[in-house]
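Trainee: The sequence shown finishes on residue 301 if you use full-length UniProt numbering, and the numbering steps up by one all the way, no holes. Beta carbons: idealized from backbone N, C-alpha and C, even for Gly. Because the structure is a prediction, the values reported are computed rather than measured.
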Amino acid sequence: MSKSHLELTNVQMAFDTKDGPFVALENVDLKIRKGEFVSLIGHSGCGKSTVLNIVAGLLQATRGGCVLDGHEVNTPGPERAVVFQNHSLMPWLTVYENVELAVQQVFRKSMSRAERKEWILHNLKLVNMDHALDKRPGEISGGMAQRVGIARALSMKPSVLLMDEPFGALDALTRAHLQDSLMKIQQDLNSTVIMITHDVDEAVLLSDRIVMMTNGPAATIGEELHIELERPRNRVTLADHPEYVRYRQAVLSFLYEKQRFPGKGEDEQHKPTAEAEAASQEDSSPDVDNEHSESPVRRIA
């Protein structure tokens, strides 16, 4: 087995609340190879964003930690670029200037002005936005703005691209176009990608592996599904592919058949407070029952 590029080990994340500690994550272990595309999926409140924020260095795990290429992750860094659902572009800057801002931050000393300009244009061309260099975010569509956000992230030459529902706010057609663009870019650059999604079809189409999170409190990895579909992938030809259908059903089964939601008999102390939910940016709890022996899923918990 190849050496892990990124590794989360025994991660626990607890938030202080007025009612005491709220454990959002418990015993999360995840190894990711260089160039692997991993999707995190689960119901709202299962700790997906908390995991991403720990990898990004925006949160410090209460226990355990994250290691990237042998170095412990404690703070944000340019080797981990984040693309959010909201493109987060500076509205007063042009398309070119938004990407330039990131490039100057990272490569001001190592690249000449001419090299930086060439690199900015290269990344905007990757996402087909080199025709709108002088446009401001308010003058382009949401899908185009998200392309610029991806170009800005790629321009930092990150070891890991972190994506928090990057296409969630877009219409279906724009979403499909951006998914296709991301697949091509990821394959061309051999980028390591960790993406949060609620879209099962998106996860199966894009991923090498889908990591399915249980709900909280004390959310963890419930099951992992390796997607062994040949690349490059085409959404039209895959739609009726028996393996695609099987993978899709495996994820749906985890999300909608293997869950245990809190009922009347549940202990109220395990209900997250509003304060804890806000802190963890998420919420609550499936029980995994691997009842299908032929499922391609690997049960974790």
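Taking CB distances under 8 Å as the criterion, tell me whether Ile194 reaches chain B.
Mentor: Considering every chain present, this structure includes no chain B. It has just one protein chain.
Trainee: Per DSSP, Pro21 is paired with what?
Mentor: According to DSSP, Pro21 bridges with Asp16.
Trainee: Determine the direct distance from the alpha carbon of His226 to that of Asn10, and round the result to whole angstroms.
Mentor: One C-alpha to the other measures close to 22 Å.
Trainee: Helix, strand or coil: which one does DSSP assign to Ala132?
Mentor: Here Ala132 sits in coil by DSSP.
Trainee: Within the stretch 54-126, note down every full alpha helix (DSSP H) run reaching 4 residues or more, in order along the chain.
Mentor: Within the stretch 54-126, the complete alpha helix (DSSP H) runs of at least 4 residues are 95-107, 113-126.
Trainee: Candidates Lys3, Val28, Met144: which alpha carbon is nearest Leu89's?
Mentor: Comparing Cα positions, the closest option is Met144.
Trainee: With contact counted as at least three CB pairs below 8 Å, one residue from each stretch, are the stretch 47-56 and the stretch 100-110 in contact?
Mentor: Judged by Cβ distances under 8 Å, the stretch 47-56 makes no contact with the stretch 100-110, as fewer than three pairs qualify.
Trainee: Would the beta-carbon of Pro158 fall within 8 Å of that of Arg231?
Mentor: Their beta carbons are not under 8 Å apart, which means Pro158 does not touch Arg231 by this criterion.
Trainee: Residues in the same chain with beta-carbon distance under 6 Å from His292, minus the five sequence neighbours each way, listed in chain order, please.
Mentor: Any reading at His292 needs caution, since the residue's pLDDT is 37, under 50, leaving its predicted position unreliable; the model's value is listed next. None.
Trainee: Taking just the CA atoms, how far does Met111 sit from Val95?
Mentor: Approximately 20 Å between the Cα atoms of the pair.
Trainee: DSSP on Ile185, reduced to helix/strand/coil?
Mentor: Helix, per DSSP.
Trainee: For the candidate residues Arg233, Met129, Gln186, Met212, whose alpha-carbon lies nearest to that of residue 338?
Mentor: Lying before the first or after the last residue shown, residue 338 is absent from the chain, which here runs from 1 to 301.
Trainee: For Met212, report the span of its beta strand (DSSP E) as first-last.
Mentor: 209-213 is the extent of the beta strand (DSSP E) around Met212.
Trainee: Quick one: residues in its chain with C-beta nearer than 6 Å to the C-beta of Val83, no 5 flanking neighbours on either side, listed in chain order?
Mentor: Closer than 6 Å at the Cβ level, and outside the excluded window around Val83, lie Gly149, Ile150, Ala153, Met163, Pro166.
Trainee: If you compare alpha carbons, which of Ala176, His43, Ala203 is closest to Val236?
Mentor: Per the Cα distances, Ala176.
Trainee: What whole-angstrom Cβ distance do Ile41 and His198 have, given they're in contact under 8 Å?
Mentor: Contact holds; Cβ gap of about 7 Å.
Trainee: Distance check for Pro217 and His270, CA to CA, integer angstroms please.
Mentor: In this prediction, His270 has a pLDDT of 43, which is less than 50 and means its spatial position is unreliable; nothing more can be read from the coordinates.
Trainee: Measuring alpha carbon to alpha carbon, tell me which of Asn215, Gly222, Ser207, Leu133 ends up nearest Arg33.
Mentor: Of Asn215, Gly222, Ser207, Leu133, the residue nearest in Cα terms is Ser207.
Trainee: If you follow the alpha helix (DSSP H) that Glu202 is part of, which residue opens it and which one closes it?
Mentor: Per DSSP, Glu202 belongs to the alpha helix (DSSP H) from 200-206.
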